[in-house]
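In our numbering, the protein residues as written are 94 to 496.
Quick reminder that beta carbons are idealized off the backbone N, C-alpha and C, glycines included.
A short write-up of the structure that comes next.
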């Protein structure tokens, strides 16, 4: 039996090698054949992933699969691990694996799906597998990213805690760094959370004005315009206060179920980033809001943009607070949002008596942990959480425990 199986494998290898040799010369001169070859390669990878999922390589080689892929298939470490991880996830997602094997999903799309679904429980993966099986046939001619977006949205709906944790990590790890280089140049780079980057991009685009005509060879790129705008703003040039624009979307089929989603509109490549419920509540305190109602992917109603806090009101609040008012926080006023003590969604007014300055980190903490804030007529703020209460005087140093 072993000899028969070995003979079949040898015949298959020779046939595959001959087929590849015959195609190579033709592919080099034909774009259609080149695309076909890439699609055929994806289906062969799918067959290999299916074999890995069944444990064929482990049992035959007596070595861990990633190591076999590195030594025998000449896969680099991260690629070998990615293929093994994909096989592990797809072992509980038969519809997705079948779509991959028959060419309805590419290797790129499959990796995107696996990356999105990685944190989900097995039972969630089974449900999302059914969703993929129902959606893939209708998305053959759609943007290749669309199926990954559908899965990503479904994961976000099922695991809202993950979206919240990602937002919190982004806030905690936001930074900008400057690195001098030879020749008098300096490289700077960084990363930030969605709300902060949206605010920054909005400010730069307002200051930069309209994009230059790129048909003019001497015209600056948008990136150069934004850099010039950054220098102008840093030099103190006057510019309107910039706040991010939140796209509040809801499908009519979800209205009764209370399922809503919010995204941030910004002038950057890619789709608008999704916000968690906590992130949405935080941004709604101090952002312009554009409500849009959809029906199966088609917008059927667009409301008026709800304007953010008037500039004169914001100035009055920041003058009173002089920085973040959360207990123990000393972040400066330039880092703060204006938090509505009574939410805007519940009729809270944008007045100094209903606004208090909080940095982005403390602002999220207020919404997530359920802190209660009382603002006295003299500007004293009382922060209460469970049995603990703290007093924060306006612009007079750090808060202290309230009597």
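{"Item": "Burial state of residue 202 (16 or more Cβ within 10 Å)", "Value": "buried"}
{"Item": "Coarse secondary structure for residue 469, derived from DSSP in three states", "Value": "coil"}
{"Item": "Stretch pair the stretch 166–179 + the stretch 123–137: three plus CB contacts closer than 8 Å", "Value": "no"}
{"Item": "Distance between residue 142 and residue 239 (C-alpha atoms, nearest Å)", "Value": "23 Å"}
{"Item": "Identity of the residues DSSP links to residue 269 by a beta bridge", "Value": "283"}
{"Item": "Contacts around residue 198, its chain only, beta-carbon distance under 6 Å, and the 5 residues preceding and following it disregarded", "Value": "192"}
{"Item": "Option in 317, 308, 446 with minimal Cα separation from residue 497", "Value": "Outside the displayed range of the chain (94 to 496) lies residue 497, so it cannot be described from this structure."}
{"Item": "Selection from 482, 284, 444, 146 that minimises the alpha carbon distance to residue 421", "Value": "482"}
{"Item": "The stretch 402–414 / the stretch 449–458 touching (three or more Cβ pairs under 8 Å)", "Value": "yes"}
{"Item": "Opening and closing residue of the alpha helix (DSSP H) in which residue 457 lies", "Value": "453–462"}
{"Item": "Rounded straight-line distance, which links the Cα of residue 473 to that of residue 486", "Value": "5 Å"}
{"Item": "Proximity of residue 443 and residue 470 at Cβ, strictly below 9 Å", "Value": "no"}
{"Item": "For residue 370, the three-state DSSP class (helix, strand or coil)", "Value": "helix"}
{"Item": "Distance, residue 210 Cα to residue 436 Cα", "Value": "34 Å"}
{"Item": "Check whether residue 188 and residue 225 have beta carbons under 9 Å apart", "Value": "yes"}
{"Item": "7 Å CB neighbourhood of residue 244 in its chain, flanking five on each side removed", "Value": "206, 209, 210, 221, 225"}
{"Item": "DSSP three-state assignment for residue 233, whether helix, strand or coil", "Value": "coil"}
{"Item": "With 16 other Cβ atoms within 10 Å as the buried cut-off, status of residue 131", "Value": "exposed"}
{"Item": "Closest residue to residue 427 among 232, 385, 327 (Cα-Cα distance)", "Value": "327"}
{"Item": "Continuous alpha helix (DSSP H) assignments of at least 4 residues falling wholly in the stretch 149–224", "Value": "149–154, 158–165, 170–183, 187–194, 200–210"}
{"Item": "Assigned secondary structure, residue 128 (DSSP; H/G/I helix, E/B strand, else coil)", "Value": "helix"}
{"Item": "Nearest neighbour of residue 212, chosen from 233, 232, 178 [CA to CA]", "Value": "178"}
{"Item": "Beta-carbon gap between residue 552 and residue 322 smaller than 9 Å", "Value": "The chain is shown from 94 up to 496; residue 552 falls before or after that span and cannot be answered."}
{"Item": "Environment of residue 273 [buried if 16+ CB atoms lie within 10 Å]", "Value": "exposed"}
{"Item": "When 462, 378, 146 are compared against residue 288, the one with the closest alpha-carbon", "Value": "378"}
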